[in-house]
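Participant: Residue numbers (the numbering used here): 545 to 882. Even glycine gets a Cβ: it sits at the ideal position worked out from N, Cα and C. The model shown is predicted, which means the values in this text are computed figures rather than measured ones.
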């Protein structure tokens, strides 16, 4: 079965590269009329610059792979500027990006407001800038081409609600946040707090951030497991942090704690399937990064304009992952289609 998947994927890429995106879409049963601008592969090679928060995070690494994959389909050469999970380092990388010429750019900022100046420089030069996952700046303050992101408040609320329902509305919980300046993390915290507010039987023990850093998570959870003899559930702003905390729980024989995460990366999907995690929700890295490729190509080749040809903000939600849909989600992610 794996060989069949690999052949299909190679054939898919080969057809897209040689025969064009229209033939590729026909191969998977989508007509060009249905796909609209998706059939508009660039005739000439395009150059795009991408940056996301940090490739140490599996969500960001998957996004890079998806951008490069869809870039090949659409005749785009992708150059990467790693944020390294550090606002100062990402700013230096994007300053470097802004000093060069690109057909289009796509960026996920480590924190809101940290990249405004170099991004504005690129916009002023006429470069379409696609904002991914978290706000570079408020949309009324910077004229990005479009903002592709999930409903972070929904994701935080849906996973928290699943944990609360499993607890029967009573128990002690911890939320481990991402970077506080990340608008996605802010939304996930808002969703968590909204559910907790509706369930007075839930006691929140701690809500410290760990900045997406698994080392920080391990330190926090060593402290929590010593300090709190009872922890019934934990919500993490991404799966990497959730799985890092699980390893600490396992070492301390505290695996009775229900764990919820965000992103539905393959390791977390497997963890949900085998019971190490209770729930996660898909933050569609592949759809966001692949969508940025398509948005950029459409801007260059079809002349799509921000706010008219393309919406200013595009919601890219994915499903809550259960044992029932886990296998299909893994297949879709492996092929960078969702």
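What whole-angstrom Cβ distance do residue 692 and residue 858 have, given they're in contact under 8 angstroms?
Facilitator: The pair is a contact, with the Cβ atoms about 5 angstroms apart (cut-off 8 angstroms).
Participant: Do you know whose CA, among 801, 829, 640, 626, lies nearest residue 728's CA?
Facilitator: When only C-alpha atoms are compared, the closest one is 829.
Participant: Where in the region 625 to 671 do unbroken runs of the beta strand (DSSP E), each at least 3 residues long, occur, reported from the N-terminal end onward?
Facilitator: For the region 625 to 671, whole beta strand (DSSP E) runs of length 3 or above, ordered along the chain, are 648 to 651.
Participant: Spatial neighbours of residue 749 within its chain, please: C-beta separation below 6 angstroms, excluding the five flanking residues on both sides.
Facilitator: Result list for residue 749: 716, 718, 772, in chain order.
Participant: Is residue 735 buried or exposed, if buried means 16 or more other CB atoms sit within 10 Å of its CB?
Facilitator: The residue in question, residue 735, is buried, as its Cβ has 16 or more Cβ neighbours within 10 Å.
Participant: Specify the secondary structure class of residue 573 as computed by DSSP and reduced to three states.
Facilitator: Model confidence at residue 573 stands at a pLDDT of 44, short of 50, so the residue's coordinates are unreliable; what they give is reported in the following sentence. It is coil, neither helix nor strand.
Participant: Ignoring anything shorter than 4 residues, give me the alpha helix (DSSP H) runs that lie fully in the region 680 to 720, in order along the chain.
Facilitator: With a minimum length of 4 residues, the continuous alpha helix (DSSP H) runs that stay inside the region 680 to 720 are 696 to 710.
Participant: When we look at the beta-carbon of residue 682 and count the other beta-carbons within 10 Å, is it buried (16 or more) or exposed?
Facilitator: So residue 682 counts as exposed.
Participant: Taking three-plus beta-carbon pairs below 8 angstroms as touching, is the region 663 to 678 in contact with the region 647 to 655?
Facilitator: Segments in contact, yes.
Participant: Who are residue 591's beta bridge partners in DSSP?
Facilitator: Paired residue(s): 621.
Participant: Which residues bound the alpha helix (DSSP H) around residue 871?
Facilitator: Start and end: 870 to 878.
Participant: In terms of residue numbering, what span does the beta strand (DSSP E) encompassing residue 804 cover?
Facilitator: Where residue 804 is concerned, the enclosing beta strand (DSSP E) stretches over 802 to 804.
Participant: Taking three-plus beta-carbon pairs below 8 angstroms as touching, is the region 816 to 827 in contact with the region 757 to 768?
Facilitator: No, the region 816 to 827 does not touch the region 757 to 768.
Participant: What first and last residue would you give for the beta strand (DSSP E) that runs through residue 749?
Facilitator: Counting along the chain, the beta strand (DSSP E) containing residue 749 begins and ends at 746 to 750.
Participant: Are the beta-carbon atoms of residue 837 and residue 624 separated by less than 8 angstroms?
Facilitator: Not a contact, by the Cβ cut-off of 8 angstroms.
Participant: Residue range of the beta strand (DSSP E) that residue 777 falls in?
Facilitator: Run containing residue 777: 777 to 780, per the beta strand (DSSP E) assignment.
Participant: Per DSSP, which one or two residues make a beta bridge with residue 675?
Facilitator: 651, 691, per the DSSP bridge assignment.
Participant: Along the chain, where does the alpha helix (DSSP H) that runs through residue 832 open and close?
Facilitator: Residue 832 -> alpha helix (DSSP H) spans 829 to 845.
Participant: For residue 823, write down the residues that DSSP places opposite it in a beta bridge.
Facilitator: 804, per the DSSP bridge assignment.
Participant: In angstroms, rounded to a whole number, what distance separates the CA positions of residue 863 and residue 844?
Facilitator: Approximately 31 angstroms, taken between the alpha carbons.
Participant: I need the DSSP call for residue 857, collapsed to helix, strand or coil.
Facilitator: Here residue 857 sits in strand by DSSP.
Participant: Going by beta carbon distance, what residues of the same chain come within less than 7 angstroms of residue 925, once the five residues before and after it are set aside?
Facilitator: Shown here, the chain extends from 545 to 882; a query on residue 925 therefore has no answer.
Participant: Which first and last residues belong to the alpha helix (DSSP H) in which residue 818 is found?
Facilitator: Element bounds for residue 818: 810 to 818.
Participant: Pick out whichever of 657, 666, 659 has its Cα sitting closest to the Cα of residue 644.
Facilitator: Ranking 657, 666, 659 by Cα distance to residue 644 puts 666 first.
Participant: Report yes or no: do the region 588 to 605 and the region 782 to 793 share at least 3 C-beta pairs separated by less than 8 angstroms?
Facilitator: Segments in contact, yes.
Participant: Can you name, in chain order, every residue of its own chain whose Cβ lies under 6 angstroms from the Cβ of residue 587, other than the five neighbours on each side?
Facilitator: Closer than 6 angstroms at Cβ, skipping near neighbours: no residue.
Participant: Keeping to the same chain, check which residues put their C-beta closer than 7 angstroms to that of residue 655; ignore five residues upstream and five downstream.
Facilitator: Here the set comprises 631, 723, 725, 726.
Participant: Any idea if residue 877 is buried or exposed, counting beta-carbon neighbours within 10 angstroms, 16 or more meaning buried?
Facilitator: Buried.
Participant: How many Å lie between residue 700 and residue 805 at the Cα?
Facilitator: Answer to the nearest angstrom: the Cα atoms are 9 angstroms apart.
Participant: State the start and end residues of the unbroken alpha helix (DSSP H) segment that holds residue 799.
Facilitator: It is not in any alpha helix (DSSP H) - residue 799 carries neither H nor E in the DSSP assignment.
Participant: By a C-beta neighbour count over all protein chains shown, 10 Å radius and 16 as the cutoff for buried, is residue 720 buried or exposed?
Facilitator: Buried, since its Cβ has 16 or more Cβ neighbours within 10 Å.
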